[in-house]
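Numbering (the working numbering), first residue to last: 14 to 270. Report on one structure; see the data block that follows.
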């Protein structure tokens, strides 16, 4: 893995938006509008997917499906998913600009990778309309990948399909998939990387999988931090990750020494 020529990062929870808080907030509010209060586990489990797929997945979860059927007299269908998504998108677009700050160390490490000839790509569960808010807001704070692709560029086939990664590889001019490292903060990210045949790694601190704000994480004792990080790392490894990094600084140290 030392001959990596490109790193393809996820966005929220990986390079920006510590804890991946923007979509979580919007998902919770949307389901509440329909009289169903999802748990954090239910909201987080499909994280990283195309957002309409995320809603479809939540509607199929046993508890949510049962509550919906009890409340509305029928199981939720595609029409319901689309109605929820329309509200979700509106809510998310209204708050995204507040959740585009780069995570600690991102700007510095990305600049170091570039100085060492490594190209920076990115994939996301957001669509183009959402990225038109996130990308310039992150750029203002110093983070900008060389390219980015959303599921809008791959016929709405987002993670765990590998196609956004292939678009990156093509745009960045990389010949071999084993010269590419995909880095993300969700199980969907890990699977996306594995399905593309590239190296696949998870970032632990500030991840959606950990689900804590920066303030919540920093308030933990060293022992609590270690336990929480180990728990998330294990989930990534179980999902097939080739490598797990606690922070982006760890990634930089691994690739550049």
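Every residue gets a Cβ at the ideal spot worked out from N, C-alpha and C, and that includes glycine. Predicted model, so just to flag it, every value in this text is computed and none were measured.
Coarse secondary structure for residue 132, derived from DSSP in three states: strand
For residue 257, the residue or residues it bridges with in DSSP: 215
Other residues of its chain near residue 212: CB distance less than 8 Å, five sequence neighbours each side excluded: 14, 17, 191, 193, 194, 195, 206, 255, 256
Within-8 Å CB hit, residue 214 to chain D: The chain labelled as chain D is not found in the depicted structure, where only one protein chain is given.
Selected residue, minimal CA-CA separation from residue 158, among 251, 123, 130: 123
Reduced DSSP secondary structure (H/G/I, E/B, other) of residue 186: coil
Rounded separation between residue 55 and residue 47 - CA only: 16 Å
Inter-residue Cα distance where the pair is residue 87 and residue 78: 9 Å
Given residue 154 as reference, the closest of 34, 95, 29 once Cα atoms are compared: 29
Between the CA atoms of residue 26 and residue 141 - distance to the nearest angstrom: 18 Å
Alpha-carbon spacing of residue 217 relative to residue 57, whole angstroms: 14 Å
From 262, 225, 264, residue whose alpha carbon lies closest to that of residue 245: 225
Assigned secondary structure, residue 49 (DSSP; H/G/I helix, E/B strand, else coil): coil
Whole runs of the alpha helix (DSSP H) within the segment 101–127, excluding any shorter than 4 residues: none
Inter-residue Cα distance where the pair is residue 150 and residue 200: 26 Å
Residue 195 - DSSP class collapsed to helix/strand/coil: strand
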